[in-house]
Amino acid sequence: MPTLVISHHEKPTRVTFFTNENREMGKRTLADNASNSAIVSYDLPVKDQENTVAFAIVEYDKYQVRVVFDANAK
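For what it's worth, full-length UniProt numbering labels the leading residue of the sequence shown as 1, then goes sequentially.
Below, the structure is given as structure tokens:
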């Protein structure tokens, strides 16, 4: 299963995955990853023929980061 791995000095509070049509595919919260490490990982929602994860919004306490996925990556 594809995984989003984040290595940062802060842990994200929430990660939300979206399709190209901006439809939400799932959320992961900090509670979903109980590790105390600065590296967190989240399994991406399973893609199918109609719905592919296109991007994620990674939220921290004071800011957000948009992560765009390469549809051609293997």
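Cβ atoms here follow ideal geometry from the backbone N, Cα and C, with glycine treated the same way. Note that the structure is predicted; figures quoted are calculated from it, not measured.
Close beta carbons around Val5, own chain, < 6 Å, minus the five adjacent residues each side: Ser41
Alpha-carbon spacing of Asn22 relative to Thr13, whole angstroms: 20 Å
Those residues which DSSP pairs with Tyr42 across a bridge: Leu4
Coarse secondary structure for Arg28, derived from DSSP in three states: strand
Cβ-based burial, Tyr58 [other Cβ within 10 Å; buried from 16]: One point to set straight first is that residue 58 is Val, not Tyr, in the sequence displayed. It is buried - the Cβ of Val58 has at least 16 other Cβ atoms within 10 Å.
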